[in-house]
Structure formats: structure tokens, C-alpha cells
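In short: position in the sequence shown from 1, add 116, done, that's our numbering.
The beta-carbon is built from N, C-alpha and C at its ideal position, and this holds for glycine as well.
Since this is a predicted model, take the numbers as computed values, not measurements.
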Amino acid sequence: MKNNTLINTCNRVMDSICSLLRAKNVSTRLKMGFILITVLPVIAVGYFSYMQGSKAIYNKMKRSATETIDQVGINLGSKLQAIINDGTEIAYNDLVQKTLVNYDSLSARELNIIEDELSDYINRKYIFSNNVAEIIIYTNDLERINAYGQSMFWFMPKPENLKFLAEKARELDGLCLWIPVNSDYEQGLARKVFGDRKSIILMRNIKSLETGNQIGYILMRIDESVISDTLKNIDFGDGAQIFILNSNNFVVSSAGNYAEVALPYHETGILNEINQGNGDRSFRHRLGKNLYLAAYSPIKQADWYIVALIKFDYLYSESRQLLYNIFIIGICFLMVALFLNYIISKSIVTPIRQLVHGINSFKNGEMDIFIEDENNDEFSELNRCFNEMTTEIKRLIHDIKAQERQKKELEIRALQAQINPHFLSNILNTVSYIASLKKEDNIVNLVNSIVNLLNGCMKNDNSQITVEEEISLLKSYITMQEYRLFGRFSVEFSIEPSVMSCLIPRFLLQPILENALIHGIEPSGKKGLIVIKGYKKDDTLCFSITDNGVGMSQEQIDLLLMSDNHSQRSRLTGIGIANTRDRIKMLFGPEYDLEINSVKGVFTTVNIRLPFVIGNEGGI
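Have a look at this one:
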């Protein structure tokens with residue numbers, strides 16, 4: 117009972133002090149706090165504090181080393197993935213595919229022409245890249261087709277080793293085989309090398325796009341310096357070792373002279389520790405008389421491990437220095453803060469947290485936030501200003517949204533009103549009737565397709581239709597274009613039945629199809645193919661429209677997606693691709709979008725993401 121009375125008394129005293137402090141301004145409270153801090157005694161920190169601090173710093177260094185290695189691993193993985201992607205692109209290039217399939221029937225002259233074309237294609241591709249030094253293409257019978265080389269194809273594997281590499285690549289069935297090599301490689305992988313250069317080779321099989329059968333191999337040589345230059349930027353103190361191991365304990369690359377590339381690492385303990393897979397990617401490791409902190413990160417693209425060995429002497433020197441600074445500067449303020457925490461937090465920290473909480477809530481979309489504060493200090497003034505600011509912002513956001521909606525609706529209506537759809541529809545119905553009397557079925561089909569599209573245009577609101585109805589309008593448009601282009605293109609639909617009743621904006625897909633025909637298929641001068649896919653992914657409705665036309669550069673893509681690029685508008689609806697993208701963001705929010713991927717001279721794919729909303733069953 118006595119203890120409770122004492123506690124209550126202390127609480128009342130604390131509350132009184134807090135109320136007194138709140139009656140003063142912030143400047144006065146801070147001065148009082150600093151005065152109190154300077155007169156409070158300092159309690160010495162003993163050996164236990166040192167050990168705890170050392171452990172904390174050691175764990176921090178472990179995390180820092182692991183994070184650094186992870187970041188380097190991510191960068192290397194991205195670089196290797198880019199090389200893999202380049203190899204895939206080359207392997208499935210039309211010229212490479214045709215050459216490997218028809219190799220036995222090619223004359224020497226034809227083969228020389230093809231090699232020149234391949235070299236020209238790949239030289240253009242790597243004109244600004246130093247990642248790949250050589251690229252060689254082999255047939256199934258390991259006949260060599262020179263493609264690209266910075267040093268006149270100095271790397272020439274011995275026939276027996278080339279056969280071995282091909283067998284390994286075939287076993288991997290599309291995955292990449294990575295092998296480190298150097299000029300002193302004792303197994304004699306290469307019969308010809310150039311100087312003292314160290315390299316990493318990648319080899320994988322090539323399959324036919326038509327049959328799926330293997331038709332050859334691609335070999336890519338990368339200078340080891342491409343990898344080691346990245347490792348050299350890591351600084352873990354004197355005596356640190358940084359290198360890359362493969363799953364066979366061979367050194368792939370090294371930041372120093374601690375290991376020789378393409379040779380086994382001098383001991384297997386590190387790789388054994390990694391293979392145990394205990395979940396901790398850092399551990400203690402002893403080499404000779406020295407104790408190291410070992411940290412590693414896997415590089416999945418090549419089944420490699422980037423390893424860093426950091427001397428404990430370096431770690432402990434850092435921890436001792438840090439603990440010394442803590443003892444001199446930090447401990448006093450930390451201990452004092454424990455005593456003043458209850459009082460100062462109520463007078464200063466609590467209102468700050470209240471204001472920060474209000475700001476974060478407003479930032480996260482809670483528009484009706486209001487901070488109540490009946491005091492009369494600087495924080496109270498801030499809270500009142502914050503409340504006034506939120507009220508004004510809500511009003512401005514509401515006005516802006518209303519103006520944007522009105523602007524977009526007016527723009528769409530103005531564009532769609534460029535023609536008189538009712539008049540044209542009546543005229544075309546008359547033409548269709550006359551054509552049917554004369555049994556001109558082609559004219560009837562064409563006119564009916566035009567009428568169907570015009571009927572869609574006459575609904576000039578921003579209403580939504582089902583995917584099934586949109587596909588019907590697309591087919592009418594395709595019928596019109598087939599008569600205009602005389603069968604120079606074909607369209608394939610792959611629409612999942614589950615999405616046919618989903619709601620989408622009217623004429624969402626037609627501008628994409630029109631752009632593919634006019635700017636992709638027609639300029640190519642060849643028979644085109646357009647593939648339209650619709651499917652559900654998670655809770656998202658996805659469309660992809662792919663054509664095999666002339667493709668686009670990144671600059672062309674950026675220009676096409678500009679909202680003010682009026683030259684790219686659709687000829688039928690007046691709604692271009694940029695406008696279509698703006699409609700999607702306006703109707704559904706920034707998390708839904710239209711994206712374009714293209715390779716010049718190969719393909720163009722437009723991907724659309726929409727919310728998955730089911731409408732009424734049944735459509736056109």
C-alpha cells in the first residue's frame with residue numbers, strides 16, 4: 117500500500133512537471149533539457165558493455181559484408197543475364213536458324229556470305245559493349261561458323277575438348293555451361309591462345325524454333341577482367357580476399373593474386389560450408405594462422421558463388437574504435453536520456469510523434485485526418501496549420517480530378533465527333549441493301565463491318581463493354597483491312613474463355629491493332645502475323661498484341677507514348693496509343709498501364725494490364 121502511494125505521488129509529480137513544460141515554448145524546454153543533461157552523473161560502462169557492443173558491431177559488419185556481396189552478386193548476375201539473353205537472341209536469330217538447319221546444303225560461297233552477314237549483325241550489336249570478346253557458332257557436327265571476335269578468334273578448343281563441352285551443353289538442354297580458362301590451363305582446353313589472357317566461356321545448345329530439335333551450339337568468350345573489375349571496387353581492408361568459385365571449387369575470377377583463375381581453390385572448406393546450406397551466408401573460417409569472416413552470395417545465372425574473406429583483425433580494430441567513441445561520447449547521453457525519457461517525451465516527443473503520425477496517415481491516403489490539440493505552443497500552431505493545409509489539399513485534389521475527368525471526356529467526345537456516325541451508318545446500310553440485291557457478298561460483308569464499327573463509335577460516352585464485344589468490333593475492323601490489304605496479314609486470337617465477360621473501355625484494342633498494321637506490317641513488305649492474347653494473371657486482366665513487322669527503336673517507342681504526339685492517332689476512332697494509355701491510367705489508376713517491347717526488324721509487343729471486372733454474361 118505504501119509503495120502504491122509512493123508510485124502515485126511520483127506519477128503526479130511527473131505529470132505536473134510535464135504540464136509545466138508544455139506551458140513553455142520549445143526553445144525554453146530544450147535549454148532546460150540540455151542543462152539537466154550536463155549536470156547529471158555519468159555511470160561507467162564495464163566489460164559487459166564492451167562485449168555486447170563488440171557483438172553488435174560484429175553482427176553489423178556481417179550484415180554489411182553480406183549486403184555488399186549481395187549487391188555485387190546482383191550486379192554480376194545482371195551482367196551475366198544480359199550475356200545469356202544476347203546468346204539466346206543470337207541463337208534464335210532467323211539467319212542463324214536458317215544457316216544451321218540448311219548447313220549441309222550450303223555451298224562454300226553461300227557459307228562465306230552468311231558468315232559475313234552474321235559478323236556484321238553481331239558487330240553492330242556489340243559496338244558499344246565490352247562484355248563479350250568472341251562468339252562462335254557450331255553446327256551439330258561441330259563445324260565452326262565464325263560470327264564475332266575482338267582478337268581474330270584466338271580461342272580454339274581442341275576437338276576432343278570441344279566434343280566434351282558439346283556433350284555437357286547438350287545434357288544441360290538449353291541451360292548455359294560456364295567454364296573458366298587461361299593460357300596455362302594444364303588440361304589444355306584450347307589448342308590456340310593469345311598472350312596471357314584469362315577468360316570465361318559460355319556454351320549452350322541451339323534448338324530449332326520450328327521443330328524443337330537441336331541444330332547446333334553457340335560459344336561465347338568473356339574476358340575475365342569483365343568480372344574481376346567489378347570485384348576490385350570492394351574494400352574490406354588489408355589482407356581481404358575476394359573471388360568467385362564455381363560448384364566444382366574452381367576459381368572463376370579474383371580481385372587479387374590470392375587464387376589463379378581456372379584452377380582449383382587451394383582448400384575445399386569454404387565450398388563445403390556453402391554446400392551445407394544452413395541459411396547463414398556468413399561464417400568463421402580459418403586459413404593457416406589467420407581467422408577470417410567468410411561471406412558469400414550465390415550467382416544463380418552461372419551456379420557461382422562470390423566469396424569475401426575478411427580478416428578478424430580488421431573487424432576488431434573497427435569495433436574497438438567504435439566502442440571507444442561510444443564510451444567517450446555516446447554512453448553519457450544514452451544513460452541521461454533514460455532518466456529524462458518520461459518527462460521530455462511527453463512534452464516534446466509525444467506532440468512530434470502525433471504530428472508525424474498525422475502526416476504519414478495523410479501521405480498514405482487517409483484524407484480525413486485531423487489533429488486535436490488544445491495547448492498554446494509552437495506544436496499547437498503547427499497542428500492548426502497542418503489541419504488547414506489538409507483541408508485545402510483535399511479541396512484542390514477534388515477540383516483537379518473533376519477538371520481532368522471533364523477534360524478527357526471532352527477530348528474523347530470531340531475526337532469521336534469528327535464524323536457524323538448516324539448519317540454514315542444510314543448511307544452504308546443503304547449501300548449494303550443494294551449490294552445484297554445484286555448478290556455482291558464481298559461488298560455486303562465489308563459494309564456490314566464498317567456499320568458495326570460506326571455503331572460502336574456512335575456510343576461516344578466512356579462506357580465499358582465486354583471483351584467479347586470488343587473482339588467482335590476487332591473482327592469487323594480486320595474484315596475491312598483484309599479487303600484493303602488483299603490478305604497480306606493474318607490475325608490469331610488466343611482469348612481465355614474466363615475473360616470474355618470482363619468489362620473493358622470501348623475501342624481499347626483497336627488502336628493497337630491499327631498501329632500494328634499501318635506502322636508494323638505494311639512497311640515490312642512481307643506477309644504479317646498479329647497474335648492477340650487475353651488472359652487472367654492473379655487479379656489482373658492482361659492483353660498482349662504482337663506483330664512481326666518492322667519493329668521500333670526505344671526512341672520511337674518513347675515518341676509513340678507521348679501524350680502530345682498527335683501524329684500517332686488512330687485513323688478510325690481518333691484515339692491513338694498515347695491516348696489509350698492515358699485512358700487506362702485515368703479510369704483505373706497508375707498501377708494499370710500500357711507497355712511496349714520491340715526489337716528493330718523482329719517484332720513489337722504491346723502489353724496491357726487492367727483490373728479484372730466481370731460484367732453481365734453474354735455479349736455480341
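Closest Cα partner of residue 425 within the set 184, 626, 123 = 184
Where residue 599 falls, given that 16 or more other Cβ within 10 Å makes a residue buried | exposed
In angstroms with no decimal places, state the Cα-to-Cα distance between residue 182 and residue 422.
-> Taking the straight line joining both Cα atoms gives about 10 Å.
Count the other CB atoms within 10 Å of the CB of residue 319; is the residue buried (16 or more) or exposed (fewer)?
-> buried
Comparing alpha-carbon positions, which option in 613, 645, 353 lies nearest residue 605?
-> 645
Buried or exposed for residue 367, please, with buried defined as at least 16 other CB atoms from any protein chain shown within 10 angstroms of its CB.
-> buried
Buried or exposed: residue 233, going by 16 or more other Cβ atoms within 10 Å of its Cβ?
-> The residue in question, residue 233, is exposed, as its Cβ has fewer than 16 Cβ neighbours within 10 Å.
Straight-line Cα distance separating residue 369 from residue 328 = Going from the Cα of residue 328 to the Cα of residue 369 covers about 35 Å.
Rounded Cβ spacing between residue 722 and residue 661 (contact assumed at less than 8 Å) | 5 Å
Apply the 10 Å Cβ neighbour rule to residue 346 and answer buried if 16 or more other Cβ atoms are within range, or exposed otherwise.
-> buried
Residue 292 - DSSP class collapsed to helix/strand/coil = coil
Kindly indicate the opening and closing residues of the beta strand (DSSP E) around residue 397.
-> Here residue 397 belongs to no beta strand (DSSP E), and DSSP marks it neither H nor E.
With 16 other Cβ atoms within 10 Å as the buried cut-off, status of residue 344 = buried
Leaving out five residues on either side along the sequence, give the residues of the same chain with a beta carbon under 8 Å from the beta carbon of residue 719.
-> 662, 663, 664, 665, 667
Which residues in the same chain as residue 258 place their Cβ atom closer than 7 Å to its Cβ, once the five residues preceding and following it in sequence are excluded?
-> 278, 279, 282
With residue 611 and residue 583 assumed to form a contact (beta carbons below 8 Å), what rounded beta-carbon distance in angstroms separates them?
-> 7 Å
Cβ-based neighbour list, residue 264, same chain, cut-off 7 Å, excluding 5 preceding and 5 following = 235, 238, 239, 242, 250, 251
Between which two residues does the beta strand (DSSP E) carrying residue 408 extend?
-> 406-415
Go through its chain and collect everything with a Cβ distance to residue 125's Cβ below 8 Å, but skip five positions before and after it.
-> none
Per DSSP, which one or two residues make a beta bridge with residue 401?
-> 408
Around the C-beta of residue 618, are 16 or more other C-beta atoms found within 10 angstroms, so that it is buried, or is it exposed?
-> buried
Count the other CB atoms, across all protein chains shown, that sit within 10 Å of the CB of residue 215; report buried if there are 16 or more and exposed otherwise.
-> Burial call: buried.
Supposed close pair residue 631, residue 700 - CB separation, criterion 8 Å = The pair is not a contact, with the Cβ atoms about 15 Å apart (cut-off 8 Å).
How many whole angstroms separate the CB atoms of residue 390 and residue 412, which I take to be in contact at a CB cut-off of 8 Å?
-> In this structure residue 390 touches residue 412 by the C-beta definition: roughly 6 Å separates them, less than 8 Å.
With a CB to CB cut of under 8 Å and the five nearest residues on each side skipped, what residues in its chain are close to residue 471?
-> 487, 495, 498, 499, 502
From the DSSP output, in three-state form, read off residue 651 for me.
-> strand
Residue 378 beta carbon less than 9 Å from that of residue 292 = No.
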